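In the order they appear, the protein sequences are chains A and W.
Just so we're aligned, residue 1 is where the first sequence starts under our numbering, counting upward by one.
Just so we're aligned, residue 10001 is where the second sequence starts under our numbering, counting upward by one.
Note that the Cβ used here is the ideal one computed from N, Cα and C, for glycine as well.
Source: prediction; values computed, not measured.
What follows is a single structure, written as structure tokens, with notes after it.
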Amino acid sequence: MKSKILKIFTIALLLTGTFSCSDLEETPYSSITTKSFFRFETDAIATINGIYEGLHTSNFQSLISSRLIVFPGKYSLTRNPTLKQISQYKIDYSQADLNTYWSTCYDVINRCNMAIKYIPGIDMTDAKKNEYISEAKWIRAYLYFNLVRLYGEIPLRINPTELEKDAYLPRTSISEIYNNLIIPDLQFAEKNLPLIGKNGRIGRGAAPFLLGKVYLTMSGKPMQDASKLELAKQKIQDVITNKTQYGYALMSRYIDVFPLSADRNQFVASKELNKELIFILQQTQTVEGHGNTFSFSYGPEQSFWSNNATGGQHQVGFMEDLYTLYDATDERRNVNLVYEYVWRNNPTLKRVWGKDAPYNDKTRGMCQNKYIDPDQLCCNGDPDIIIYRLADAYLMLAEIENEIKGPNTTTYDNLDVILSRARAKLVDRTAAWTKETMRNYIFNERIKELNLEFHDIFDLRRLGKVKEAIEFNLGAKAGGTVYDPKFEIYPIPRVEKDVNPLCTQNPGW
Amino acid sequence: MKKKRLKDYPELKRIIGKGLLIMRLSLILMVVGVLQSAASVYSQNWRMSMNEKSIMVKDVLTKIEHSSEFRFFYEEKKVNVEKKVDVEITNATIDDIMSMLFNSAGIEYKVLDSNFIILKPKGDSPSTSINSSQQKKSITGKVTDPSGATLPGVSVVVKGTTIGVITDMDGKFSLSNVSENATLQFSFIGMKTQEIDVAGKSIIDVVFEEESIGLEEVVAVGYGTQSARKVSGSISQVSSKDINKINTPTLDVALQGRSSGMQVSATSGEPGALSRIRIRGSNSFQGNNEPLIVLDGYPLVSDNAPTGGLDASSSSVLSFINMDDVASIEILKDASATAIYGARGANGVLMITTKKGKATEKPVINFSSEAFASESIDYPEMMSGPQYVEYGNSLPRWDPALPTDTTTTTWIDKVMQRSWGQNYNLSVAGGSVQNRYLVSGSYSDYAGIITGSGFERATLRTNLNNQLTEKITLSTNINYSVTENDRIAGSDGSKNTETGGGIIFNALRNSPLANEDQLMASEIDPVPTNPIYQLTGQTDKENIKLFLANINLDYQIYEDLKLTVQGGTNSTVQNRERYWNKNTSPGYLYNSQAWLLNQQTMDYLAELYASYSKSIDRHSINAVLGYSWQKNILKSHVNQVRNFFSDALEIYGLEYGTLINPYYYRREDRQLQSYFFRANYDYSSKYLISFSGRMDGSSVFTPNNKYSFFPSVSGAWRVNEEEFMKGIRAISEFKLRAGIGETGSQAIQPYQSIPQYGKANYVSGNGEVAGVRPTIMGNPELKWETTAQFNAGLDLKFLAGRIGFTFDYYKKTTRDLLMPFQLPGSAGYRTITMNRGKLGNEGFEITLEGEPVKTPDFTWRTNFNYSRNRSEVLDLGGLPYIAGPIMDSNFLNEPISGQFVGQPFSVFYGYELDGLIQPEDFDASGKPKFATYNGISEKGYWKFKDQNGDKIISATDRVILGDPNPDFMIGFNNDISYKNFTINVFIQGVYGNDLFNATDIYVGTGYKYYNNRASWYENRWTPDNPHNNIKYPAGSVQQYFKPTSATIEDGSYTRLKNVSLRYNVPLKNMKVVKSIELYVTGTNLLTITNYSGLDPEVSLFGKRDDAIGVDFFAYPQSRTFTFGFKMGL
């Protein structure tokens, strides 16, 4: 009996003691965790690279951004059903791109917040730390600037989201977004950014440039704070005056701004040579998901715009009125719009826009010609996406001058810089300009110059031209769109509205 | 005379408890084996020590029986076993003991080879009983089992008397003084009791049949076996005989319709493809809902999908098992049956037991060979060339008009084939009582019905059972399988630019005007769509080697206490090579493309448990207590390479590709540590109660939440054991069962509780630079998903088990559902894995089985099962709904399903149509009176219903369109035998479920640049054929690509799953060959359905539960005819 007890005891020991050795601790072998990160300068660099990465994927930047920003424009047309709904304002808060844009911006804002919170803890000089942080702050300001212009009052998130309970924030007023975040962030960047951005990254000049744009925007709708015009002027003037110091220069020909060789058949890879660029999102075919889709999605069908059998998809186009808006000598016309091209399946034929041509559906519009990559396979092309470039500074300065003092020599001079480079007719200084007519003239110049560069809906809204654009646009007219004041701002996207109990909706939506 | 029948021996329970005998069939054969051989060796080697004073002879015999294989047979009247003796022996042989006990008592004994010991007074002839004064007739005979082996120990009784004998070692018996009109009753455990009228015969040979619904059925439960009578939970058993009749490479397909409460649906007709197995519905939105598979006691990890890359997971874990090796499958359904598997038990458990060797004189060799032919069930008819031209030219087009002089290319005919296959099995089994073995090998080759697809498998299995000492038994199972799967990219329905659309997609939508050798066979797509080039231009070879070995050491410490140590490993090595040359769309876009996966999983298991079993008077207790530890390591290496200058070397020239992305090597670990117990108590086999539970700890949760306890309790009342039921002879079993318990699921990927950062490389300057971004927010509060289940059941058996009826009702609630919970966009993360939500399932199951006709020449056995499950989403953590996956991000870019509170699981979601746009839908000025979608107001087009009345058709107008969950399912199996012929007819059906016919969105609603179904063309809306049928709208230049009510269809079907005809060749006077069976089988012969697509039993999203019932150009199931031959030596 004794031995029986002993045996059973031994078994019990075996069962409970000897075998229970595992503490079940988890070791993530293939992901980086907070434990192993934010320790060295290389970690800071990788974090900043991760911020840029968030902005530049083809789907987000070239498709989603253009859908929301470019195609509710005055001259834009589309055959794409989703785009048609947006451009004709036949949407409600459930429209999917509204949410994709919104959440992608906040995703990148979160990355910026992460960098801003953790980089100070890394062991390196304060100057270095501030340089990296200023890059994160500039991008954070840029994203909030876009969000506040698209959606109005928005949640202001300045710290990384680390717990589920922190995920829900109420909306903050427009002026607080500008005054408490965008302006201070840019002022910090102005002091700390490296003078010249390396490898296509932002340099110090980007800060006064964006700050100037922010002040100009604040002077327009909906804030209409005219006191900001002087500040805007200072900042933009700074960019133009000190352009050499900042490493900026206008390209001598308009066509050279866009990174293709003169015969437009070869992509010029060197990004360092193009000094006109202030902020770009770099693209490449060589890394999956890092290319620009414009050449394929927005390129003409049966063209050589991309390296596949049917050429582009011609999802979008521009009204012929934009083509005729240019002077015949204006070099920008044929860089921006394609009038005729060789037909891929039958090279002896040309497809020509216009009367009696096989290709003249007015509702599809003329195709863009700015983003071309002849060896693009499908959705990934090489041309960088240009967000800000120096030409915009001249146009903005002309506009600011006109708003402050009315049409004057400074206005004309700055416009002429752009017009002469385009070989277009210069400003007729003898005409009877009023502030109003000059404002419209500059608005048209902006479209001619900066077409498909993500300014359209922002310009329409701050200048109060949304109604005018809807009434002019062929697509909106065909869809029977009637202007509604709610169109001045997009609705808060459905996912945010439904999931975040603190979130309210914009009036009318 | 008191007969001692084997059945009366309580020791049998002990044998069963040893785990040597898992099921009835093995049990019988085992006993046969015991009787046949090796006994003399055993009786010489066996030793016993005993030191007892004044003990009855009877008790000495009982002690011997308890500790040996010996069984005593005697007539109590003739052998005085009440006599008390003093026994003091050490290491005595059986001869020593027998001599000591009986030599002086005038009793002689005979030890048969079977280890049966017959005691009789000296001079009595063995096997003969003389207990009757009437001397009428002598009868002799021989008893054999179906295989022809003789059966010793069978009880032969003259019915209504106490006269009887047992058969001797040759299965022979002899009875004298039997009345001419008497009836002899032959009984043997596990066999059907037979009654044969003497009717003047003097020689009666009996062939026993295996009992179909035996009382002594034994079922495998977690960590042991249990008598079916004493089960209080809900367990179904599927026998190997049934599954072997279906021709399929994978076990899961063969299980379809075999058990109530279990839904098995093929996700594709591709050989070796995954099936979706759900036991009593799905418990989790996005977790794994597959049951736990336990193979010979080893829990298999089934969800090792690699963490990235193209769709890498393909094969079912069940596709590695040779069906011929399977002895039985138990399906544990309710909490009281599965709680012992705790955190992995919520989805039910499939316990697979493989065949074991039996102690036989000579090795038993079985060989089978079969050949089969398959073809597609159906093809849809598409528009012919002339129809295509007529239609294409009828709408405005950019390009020149289509040529009118044309012939039709029927693409589908070019890619589908009639395929052939073959299957071979060889097994050798045998051994002594102490050392038994079974070695089997198989080879299968299944060619798919899409040209170029196929599945090959070779398996080798060794099962050893060694009685090391009197108390220690070692069982070893080693399984090695190699599968080579030639897959067809996109045949699983995927349509995206990566794969350029599946073969079936391209075969259906391509222009019938294109030639077979025309690369761009579609009118519009900018990539090659020719499915013939797609077949020849791609390779997708998946080679998986699976090694599973476990050993099981049983130490019978005491008669009532046993200790089991189990250890094992399961490792898989998977190698998948994919290559697309420049003639395929992915190859064309990326200048050839290769994708390589090398993945290995290593799984280790260590378990230790003690089993205790004791009966005192009418009380019996049976308990298990144990510890288990399992660790799983996954390592995967993925390489995607593009831009090859030449296709000559294909994937074997990987280094010639210049674009490499992604490229990674990852490791993922998970660990589980558990303590488990079960305690069963019964009183008089009448009142049964069972407790079980498991404390599970998993590495995937945070320290505070790692452990959880899953308990269950169940009870049963065997009413037929009550006195008041004794008189009702018709009812042989009447059992009421009820149980309640909790089980869990750890249905998430590892590391979800830890904040993590991932790769976010950027292209800066002219090169890629390393970037990092936050990827997973991490939820430090993660814990188990828990399912509570109540089950109540009734088992009834009539006419000595000839008719059986089982009913089960259950109600389950799963709480703390693990799911990626939607965060507001402003959080910066899309989702976080959280425990939110609640889901309910409720249903009942009926099984009816029996033998309606039973004559010596003609029998009909039948089994009918019916299952009904209702699911309801009870809570989504405050969210109004959760969207399902996006099917096709380019075109159909809205979710087609979702979870809604108060609705069944995963309902279809989309736009309701209000008919077609009719001339009267416009006002006097020609403006539409309805809300237009995208401004489309052409007559004959779909008219979308503006649900919220805001005059805009947008995502907020979506409503629930259908329910993909079946109302009920049936399985109906029949075996009809006439003499040597057996016909099996198996019908399976699913009713009341909706399907989402996504195929029709692309090729069935008139998108002008694709070919369309001929039926659409003939019925479409035209000004000359106006109607309001949303299935046939007018043709269009634009595609709709919206989930609408037009593509929701009833998916009910009844399928003649299997018909087989078997012929057992009579083999009289054959020495070597014991049996030959010839058979012909037809699988998927007939499907009755109103569904308009290819096959109602398909699902695009495979095992995913948040989008079930989506048909999107799936690889159709095949109809297969098999000719086979089986031989036993």
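- Secondary structure note for H10619 (chain W): its beta strand (DSSP E) is the uninterrupted segment 10619–10642.
- Where A127 (chain A) is concerned, the enclosing alpha helix (DSSP H) starts and stops at 126–151.
- Under the 10 Å beta carbon count, P10750 (chain W) is surrounded by 16 or more other beta carbons and is classified as buried.
- Not a single CB atom of chain W sits nearer than 7 Å to the CB of M366 (chain A).
- By DSSP's assignment, A10610 (chain W) forms a beta bridge with W:L10563, W:L10625.
- Closer than 7 Å to the CB of S10104 (chain W) there is not a single CB belonging to chain A.
- Under the three-state reduction of DSSP output, I11001 (chain W) falls in the helix class.
- Taking a Cβ-Cβ threshold of 8 Å, none of the residues of chain A is close to Q10593 (chain W); the smallest such distance is about 11 Å.
- A direct Cα-Cα distance of roughly 14 Å separates K10358 (chain W) from D10325 (chain W).
- Using a Cβ-Cβ cut-off of 7 Å, K425 (chain A) is close to nothing in chain W; its nearest Cβ partner there is about 36 Å away.
- G10940 (chain W) and D459 (chain A) have their C-alpha atoms spaced approximately 41 Å apart.
- CA-CA distance, Q10194 (chain W) to Y10298 (chain W), rounds to 39 Å.
- Rounded to whole angstroms, the gap between the alpha carbons of E11097 (chain W) and A10266 (chain W) is 6 Å.
- In terms of beta-carbon proximity, R10773 (chain W) lines the interface with chain A, with at least one pair separated by less than 7 Å.
- Around T10956 (chain W), the beta-carbon contacts reaching into chain A at under 9 Å are D92, Y93, S94, R494.
- Of all residues in the segment 10325–10354 of chain W, none comes within less than 7 Å of chain A when Cβ atoms are compared.
- For the pair A398 (chain A) and I442 (chain A), the CB atoms are nearer than the 7 Å cut-off.
- Where N440 (chain A) is concerned, the enclosing alpha helix (DSSP H) starts and stops at 435–450.
- Counting only Cβ-Cβ distances below 7 Å, F472 (chain A) has no contacts in chain W at all, with the closest Cβ about 18 Å away.
- Residue range 206–219 is occupied by the alpha helix (DSSP H) that includes Y215 (chain A).
- Sequence-distant partners of N10051 (chain W) (beyond 5 residues in either direction) whose C-beta falls short of 6 Å from its own C-beta, in its chain, are E10088.
- Comparing alpha-carbon positions, the option among W:F10102, W:K10582, W:S10714, W:N10530 lying closest to G10502 (chain W) turns out to be W:N10530.
- Burial is judged here by how many other beta carbons sit within 10 angstroms of a residue's own beta carbon; F10858 (chain W) has fewer than 16 and is exposed.
- G10741 (chain W) sits in a strand when the DSSP states are folded into three classes.
- A10359 (chain W) carries a coil assignment under DSSP once its states are collapsed to helix, strand and coil.
- One thing to note: Q10566 (chain W) has its Cβ within 7 Å of the Cβ of E10607 (chain W).
- Between D10816 (chain W) and T10806 (chain W), the gap from beta carbon to beta carbon reaches 7 Å or more.
- Close partners of S219 (chain A) in chain W (Cβ separation under 8 Å) are lacking, with about 27 Å as the shortest Cβ gap.
- The beta carbon of K84 (chain A) falls within 7 Å of a beta carbon belonging to chain W, placing the residue at that interface.
- For A10549 (chain W), the uninterrupted beta strand (DSSP E) run begins and ends at 10538–10558, by DSSP.
- Across the set A:Y388, A:T329, A:K477, A:I86, the C-alpha of A:K477 shows the shortest separation from the C-alpha of K362 (chain A).
- Only those residues of the segment 10654–10667 of chain W whose C-beta falls short of 7 Å from the nearest C-beta of chain A are listed: L10659, N10661, R10666, R10667.
- Contact between I10846 (chain W) and Y10866 (chain W) holds, since their C-beta atoms are separated by about 4 Å, short of 8 Å.
- For the 7 Å CB-CB criterion, K10797 (chain W) and N10835 (chain W) do not form a contact.
- Closer than 7 Å to the CB of Q10671 (chain W) there is at least one CB belonging to chain A.
- For F472 (chain A), there is no enclosing beta strand (DSSP E); the residue is found in the alpha helix (DSSP H) stretching over 466–472.
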